[in-house]
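Chains as they are written, first to last, in this note's numbering: chain Y, 1 to 278; chain H, 1001 to 1278.
2 protein chains.
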Amino acid sequence: MNITVIGLGLIGGSMAIDLKKRNFANKIFGVDNNKKHAETAIKMKIADEITDLDTGIKNADIIITATPLDACLKLLPEILDKINEQTVIDVCSAKHAVCNSVKSHPKRKYFVASHPMAGTEHSGPQAAVSHLFDGKTTFLCNTEKNTKKAVETAKKIYKTLNMKLIKTDDISHDIHAAFVSHISHISSFALALTVLEKEKDEKHIFNMAGGGFKSTVRLAKSSSDMWTPVLEQNAANIIEVINTYTEKLQEFKHAISEKNRNKINSLILEANKIKRII
Amino acid sequence: MNITVIGLGLIGGSMAIDLKKRNFANKIFGVDNNKKHAETAIKMKIADEITDLDTGIKNADIIITATPLDACLKLLPEILDKINEQTVIDVCSAKHAVCNSVKSHPKRKYFVASHPMAGTEHSGPQAAVSHLFDGKTTFLCNTEKNTKKAVETAKKIYKTLNMKLIKTDDISHDIHAAFVSHISHISSFALALTVLEKEKDEKHIFNMAGGGFKSTVRLAKSSSDMWTPVLEQNAANIIEVINTYTEKLQEFKHAISEKNRNKINSLILEANKIKRII
C-alpha cells in the first residue's frame, strides 16, 4: 500500500512513522510546501520520497491530508478533483467546515472525515513520534456518505495506529470538541497571557511556576498555524463554551469576594466530580 | 532530631518520609485529628508514633504544621504559646494570613513562614510520596523576624528535601502565588464545571477527553479542604487575577466572534511566549 501524506507535521508525521513501521504502508510519499519540513521529514525517515501534489496523488492508494484546517479546506476539493477512486482522509479537529467544503463534490464518497484525538503542544516533523496514537480515540464523521471501501480503509489505518473508533456526525463532533478540546486550549492561552502580562511588573513571578502551573499552561505552547483556523471555523460552538466558562469563573469570583466559604467549598466539590472521568 | 508533623497529608506526609529516610529526623511524631489518616500514616510508616498536640510539641525539636490553612491559623498561636524555643515551620500556600495570625506573638521569632511549591492533585497520607520536593522551590517569608537558629533549621530541612530556597516577604509571595498557582487551580475548577454541566445534555462528551483536556483539568481534582481557605484568605490578589484572566478570555471571544484571523493568530503567538519559561 502506498500512502501520500500531505503536511508532514506532528500528526501527519506520526501517522507516517507508525503506518510504515507496522507494515501497513510499503512506501510513504510526502507533500509539504514548507521545504525545511520536507527536508526534516526525509532525514527523520518519516517519508521515503518528497513529491509535488499531483505526483503524490497519482502514486497513492491512500491520501492523508494533515495540514492545518485552512489549508485543508482549500486542498480537499482539489484533491477530490484529481483522484480516481483512492481513499482520502483528513485529520482536522473541526469537522463541519471540512465536510461542508466538499459536500456537493461528485467524489465526496471517497473522502473520510476523521479526527484522531491525540497530539502534544509541539509541532512540525521534529515533533512526530511513534506510538502517539496508541490507545487514543478517533472520530469518524458522516460515514454514511462514504463507500464501504473508503470506510474500511480508514478503519484499517486507525486500527494499525491502535486507536478506538467512534462514529458520529460533524455537528455533534464540533460541539463536543469545543467543550473538551478547544476550550482547554483557550483557557491555557488566556492563562499564559495573564501571567506574561503580570511578569512585566513582577520579574520573579516564574520562580513560582510549579507543576500545577506547568500542567495547566502546557497547551499555550500550541501552534497558531494549527489553532487559528480551528477557532475561526468552530466559532459558534466555541463562543458558547467561553460564555459558560466565564460564568463559572464569575461564580468563583463572587464567592471569593464575598468570602463565602460554603459556596467556594461547594464549587470545588462539584468540580472534583471530574474524578469520575479522568 | 525529633520532628512533630501536624497534619499527615500529602505535604506533611511527604516531608516526614524524606526527612526520616535521609536521616535528618531520628523520630517522627504525628498529630492528626483525622483518626483514619493517623492510622494510615502509621501503617505507611510516615510517622513512628501518633500523639496528641501537647505531647507532640513537648517531644519535638522541630514542629511542622502541614494542615489546611484555616486550621493552621487557629493552631499556630496555640503552638507558639506551648513551645520553649523549638522551631515551628508552616507550609501554607498563602502567607500573609499566616504571618498576620502571630504577628504580635512574643514567640513569633521561632516561627518560620514557608511555602514549598510542590504537590499533586491528590490528598491525604495515601498521597504522600518520597522525592515529592526534589528540585522544586521553597519560599521563606519575612525571615528578618526570625532567630538565626530558626532560619538555619528551616534551611536544613529544605536542603534535605533537595529544594531551592528563595527569600521573600508575605505580601509579594501572595501576589505571585495568585498569578502562578492559585489561578491555575481556579481555571481548572471552572473548566471541570463547564464540561460537567454540558455533560448533562451530551452523555458521550467524555469520549473526547484527550491528553490536552486531562492536563488542563488535572488540578480540578484538588482538595477543597486545602483550597477553600487559600482562596478565601488570598481573596484580594485572586480577584485581581480572575479579572485579568477574564479580560484575556474576552479578547479571544471577540476575535473569534468577529472571525478576525489576524487577531486570533496574534493572541496565540503572544501566549506562545510562555515557551521562554516552561
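Even glycine gets a Cβ: it sits at the ideal position worked out from N, Cα and C. Since the structure is predicted, the reported quantities are computational estimates derived from the model, not experimental observations.
Cross-strand partners of residue i (DSSP beta bridge)
i, result
"Ile50/Y", "Gly30/Y"
"Asp1090/H", "Thr1065/H, Ala1113/H"
"Val1230/H", "Per DSSP, none; premise fails for Val1230/H."
"Lys221/Y", "Per DSSP, none; premise fails for Lys221/Y."
"Lys1203/H", "Answer by DSSP bridge pairing: none, since Lys1203/H is not bridged."
"Val5/Y", "Gly30/Y, Ile64/Y"
"Cys141/Y", "Ala113/Y, Thr168/Y"
8 Å Cβ cutoff met for residue i and residue j
i, j, result
"Ile1268/H", "Thr228/Y", "yes"
"Lys1103/H", "Ile1083/H", "no"
"Leu1132/H", "Ala1154/H", "no"
"Gly56/Y", "Phe29/Y", "yes"
"Thr87/Y", "Tyr110/Y", "yes"
"Cys1072/H", "Cys1099/H", "no"
"Ala1209/H", "Ile277/Y", "yes"
"Gly1007/H", "Asp1032/H", "yes"
"Val5/Y", "Ile64/Y", "yes"
"Met1044/H", "Asn1026/H", "no"
"Glu232/Y", "Ile1264/H", "yes"
"Ile266/Y", "Ser1215/H", "Checking the sequence, you will find Ser at residue 266/Y rather than Ile. The answer is no: Cβ separation not under 8 Å."
"His1185/H", "Gly212/Y", "yes"
"Phe189/Y", "Phe1252/H", "yes"
Cα-Cα separation, residue i to residue j
i, j, result
"Ile62/Y", "His1122/H", "46 Å"
"Leu165/Y", "Leu19/Y", "17 Å"
"Ile3/Y", "Asp174/Y", "28 Å"
"Ala97/Y", "Ala178/Y", "14 Å"
"Ile1274/H", "Phe206/Y", "10 Å"
"Val241/Y", "Ser1187/H", "14 Å"
"Ile1089/H", "Ser1172/H", "19 Å"
"Val180/Y", "Val1112/H", "43 Å"
"Lys136/Y", "Met163/Y", "5 Å"
"Ile1046/H", "Thr1244/H", "42 Å"
"Pro1116/H", "Glu202/Y", "20 Å"
"Gly1124/H", "Ala235/Y", "42 Å"
"Glu152/Y", "His105/Y", "21 Å"
"Gly12/Y", "Ala1255/H", "29 Å"
"Lys1074/H", "Glu1258/H", "52 Å"
"Ala41/Y", "Lys21/Y", "15 Å"
"Lys225/Y", "Asn1260/H", "Position check: residue 225/Y holds Asp in this sequence, whereas Lys was assumed. About 14 Å."
"Asp54/Y", "Tyr158/Y", "25 Å"
"Thr1051/H", "His1037/H", "13 Å"
"Ala1150/H", "Asp1170/H", "17 Å"
"Ala1060/H", "Asp1134/H", "25 Å"
"Cys281/Y", "Lys156/Y", "There is simply no residue 281/Y to check, as chain Y begins at 1 and stops at 278 in what is shown."
"Lys58/Y", "Lys1221/H", "51 Å"
"Lys198/Y", "Asp81/Y", "51 Å"
"Val217/Y", "Ser223/Y", "14 Å"
"Gly1009/H", "Leu1219/H", "17 Å"
"Asn262/Y", "Asn1034/H", "21 Å"
"Lys1200/H", "Ile79/Y", "40 Å"
Nearest-angstrom Cβ-Cβ length linking residue i and residue j, presumed shorter than 8 Å
i, j, result
"Met15/Y", "Leu196/Y", "Between Leu196/Y and Met15/Y the Cβ distance is about 34 Å, and since that is not below 8 Å, they are no contact."
"Ala1094/H", "Val1230/H", "5 Å"
"Thr120/Y", "Phe139/Y", "With a Cβ gap of about 19 Å, Thr120/Y and Phe139/Y do not count as contacting."
"Ser1101/H", "Pro1077/H", "6 Å"
"Leu69/Y", "Ala1271/H", "No, Leu69/Y and Ala1271/H are not in contact; Cβ-Cβ is about 19 Å, not under 8 Å."
"Ile238/Y", "His182/Y", "5 Å"
"Thr1246/H", "Leu191/Y", "So it is not a contact: roughly 12 Å between Cβ atoms."
> Given a limit of 8 Å on CB to CB distance, which residues of the stretch 5 to 22 of chain Y reach chain H?
Replying inline: So the list is empty, because no residue satisfies the distance condition.
> Quick one, which residues of the stretch 1220 to 1249 of chain H are near chain Y if we go by CB-CB under 7 Å, in chain order?
Replying inline: Ala1220, Lys1221, Ser1224, Trp1227, Thr1228, Leu1231, Glu1232, Ala1235, Ile1238, Ile1239, Val1241, Ile1242, Thr1244, Tyr1245, Thr1246, Lys1248, Leu1249
>> If the cut-off is 8 Å on Cβ atoms, which residues from the stretch 174 to 193 of chain Y count as contacting chain H, listed in chain order?
In response: So the list reads Ile175, His176, Ala177, Phe179, Val180, Ser181, Ile183, Ser184, His185, Ile186, Ser187, Ser188, Phe189, Ala190, Leu191, Ala192, Leu193, given in the order they occur along the chain.
> Between the stretch 1201 to 1217 of chain H and chain Y, which residues of the former have a C-beta closer than 9 Å to a C-beta of the latter?
Replying inline: Glu1202, His1204, Ile1205, Phe1206, Asn1207, Met1208, Ala1209, Gly1210, Gly1211, Gly1212, Phe1213, Lys1214, Ser1215, Thr1216, Val1217
> When you check each C-beta in the stretch 94 to 110 of chain Y against every C-beta of chain H, which residues fall closer than 7 Å?
Replying inline: none
>> Short of 7 Å Cβ to Cβ, which residues in the stretch 251 to 267 of chain Y face chain H?
In response: Cβ contacts with chain H: Phe252, Lys253, Ile256, Ser257, Lys259, Arg261, Ile264, Asn265, Leu267.
>> Short of 9 Å Cβ to Cβ, which residues in the stretch 1052 to 1068 of chain H face chain Y?
In response: none
>> Output needed in chain order: residues of the stretch 1137 to 1167 of chain H with a Cβ under 7 Å from some Cβ in chain Y.
In response: Hits within the stretch, in order: Thr1137, Ile1166.
>> Tell me which residues of the stretch 1073 to 1093 of chain H have at least one Cβ-Cβ distance to chain Y shorter than 9 Å, keeping chain order.
In response: If the cut-off is 9 Å between Cβ atoms, the stretch 1073 to 1093 of chain H has nothing near chain Y.
>> Please list, in chain order, the residues of the stretch 35 to 46 of chain Y that have any C-beta partner in chain H closer than 8 Å.
In response: none
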